[in-house]
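Chains as they are written, first to last, in our numbering: chain A, 378 to 493; chain B, 526 to 638.
I have placed the structure first, in the form of structure tokens, so that the comments after it can refer back to it.
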């Protein structure tokens, strides 16, 4: 089992540029979560999907952020245009309903985003 | 979700039991207690969860008080690799599937050699 895969691991971009973060969940998992971690705000839930459908996007900070899940094995988080305050580590996590442990989420290694 | 209160940091000697407390005085009857940890520069990792009974797995034990207002995570024989931030999370069990987790500031556990 390869675990949750995220790419890129590090991204450095300039303010105003579009940034796309990618996530491949664990095969067979039906829930996918995007979190953001900063020193100031800690770990925050941005959005999550069930069976590729967005369930709760109330954590998405503003319209510059968008997330998609075109199929069960791939999701993207896009920031357009990016701003320095978007600098953070972005984590993707997945889980499987029916294990009896509904909130056992498996996290990826994260993408460290720096916006200059 | 109910809020939790944890000490910001703790030290423990290697080989000893590490006991991490968590207060969740406003927990409701259908909310579970979850523990996750985050080792430096890695994603959080699930440790254990419970409702009202004590639980044990290969990583840790979870002791929940009878009134469910507090709990303790026990790492029975701490090693240097257990140095991490430990998060106590209370999460509603809807029965309909998973929910996003609300992380607090956690406890930074430092295992001393």
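Glycine included, every Cβ here is placed at the ideal spot set by N, Cα and C.
Residue interval of the beta strand (DSSP E) (run including residue i)
i: residue 529 of chain B; result: Unbroken run through residue 529 of chain B: none, as it is neither H nor E.
i: residue 628 of chain B; result: Taken as a continuous stretch (DSSP letters only), residue 628 of chain B belongs to no beta strand (DSSP E), as it is neither H nor E.
i: residue 594 of chain B; result: Looking at the DSSP string, residue 594 of chain B is not in any beta strand (DSSP E), and its letter there is neither H nor E.
i: residue 472 of chain A; result: 465–472
i: residue 419 of chain A; result: 419–427
i: residue 431 of chain A; result: 430–433
i: residue 637 of chain B; result: 632–637
i: residue 543 of chain B; result: 543–548
i: residue 379 of chain A; result: Per DSSP, residue 379 of chain A belongs to no beta strand (DSSP E) and is neither H nor E.
i: residue 443 of chain A; result: 442–448
8 Å Cβ shell around residue i - same chain, five flanking residues per side excluded
i: residue 485 of chain A; result: 380, 381, 382, 383, 400, 468, 469, 470
i: residue 529 of chain B; result: 547, 548, 549, 613, 614, 615, 629
i: residue 585 of chain B; result: 560, 572, 573, 598, 599, 600, 601
i: residue 386 of chain A; result: 486, 487, 488, 489
Own chain partners of residue i with C-beta closer than 7 Å, once the 5 adjacent residues on each side are dropped
i: residue 397 of chain A; result: 453, 455
i: residue 588 of chain B; result: 579, 596, 597, 599
i: residue 552 of chain B; result: 527, 593, 594, 615
i: residue 474 of chain A; result: 407, 408
i: residue 576 of chain B; result: 557
i: residue 564 of chain B; result: 609
i: residue 638 of chain B; result: 539, 605
CA nearest to the CA of residue i, picked from the options
i: residue 615 of chain B; options: B/540, B/625, B/591; result: B/625
i: residue 430 of chain A; options: A/412, A/446, A/385; result: A/446
i: residue 457 of chain A; options: A/419, A/466, A/438; result: A/438
i: residue 442 of chain A; options: A/408, A/450, A/472, A/464; result: A/464
i: residue 583 of chain B; options: B/569, B/634, B/603, B/566; result: B/603
i: residue 492 of chain A; options: A/394, A/386, A/405; result: A/394
i: residue 450 of chain A; options: A/389, A/404, A/391; result: A/404
i: residue 427 of chain A; options: A/461, A/490, A/410, A/487; result: A/410
i: residue 417 of chain A; options: A/473, A/481, A/462, A/482; result: A/462
i: residue 611 of chain B; options: B/617, B/554, B/562; result: B/562
i: residue 390 of chain A; options: A/460, A/483, A/422; result: A/460
i: residue 472 of chain A; options: B/543, B/566, B/570; result: B/570
Which residues DSSP lists as bridging residue i, in chain order
i: residue 575 of chain B; result: B/558
i: residue 399 of chain A; result: A/384, A/453
i: residue 536 of chain B; result: B/635
i: residue 661 of chain B; result: As displayed, chain B neither begins before 526 nor continues past 638, which places residue 661 of chain B out of reach and without an answer.
i: residue 570 of chain B; result: B/562
i: residue 489 of chain A; result: A/387, A/466
i: residue 413 of chain A; result: A/421, A/467
i: residue 614 of chain B; result: B/559
i: residue 609 of chain B; result: B/634
Sequence-distant residues of the same chain with beta carbon closer than 6 Å to residue i, five excluded per side
i: residue 420 of chain A; result: 412, 414
i: residue 636 of chain B; result: 537, 539, 603, 605, 607, 608
i: residue 534 of chain B; result: 633
i: residue 532 of chain B; result: 632
i: residue 432 of chain A; result: 425
heavy atom of the ligand MN below 7 Å from residue i C-beta
i: residue 545 of chain B; result: Absence of the ligand MN from the depicted structure is noted, as is the absence of any ligand whatsoever, leaving it without description.
Contact list for the stretch 445–470 of chain A against chain B, Cβ threshold 8 Å: Cβ contacts with chain B come from 468, 470.
What residues from the stretch 563–577 of chain B come within 9 Å of chain A, judged by C-beta to C-beta, listed N to C? 563, 566, 567, 568, 569, 570, 571, 574
What are the residues of the stretch 393–410 of chain A that lie near chain B, defined by any Cβ-Cβ distance shorter than 7 Å? Against chain B - using a Cβ distance shorter than 7 Å - the residues of the stretch 393–410 of chain A are 408, 410.
Taking beta-carbon pairs under 8 Å, can you tell me which members of the stretch 424–446 of chain A lie near chain B? 425, 427, 433, 436
Could you run through the stretch 624–637 of chain B and flag, in chain order, every residue whose CB is less than 9 Å away from some CB of chain A? 624, 625, 626, 627, 628, 629, 630, 631
Check each residue of the stretch 479–492 of chain A: if its Cβ is closer than 8 Å to any Cβ of chain B, include it; give the result in chain order. 479, 480, 481, 482, 483, 484, 485, 486, 487
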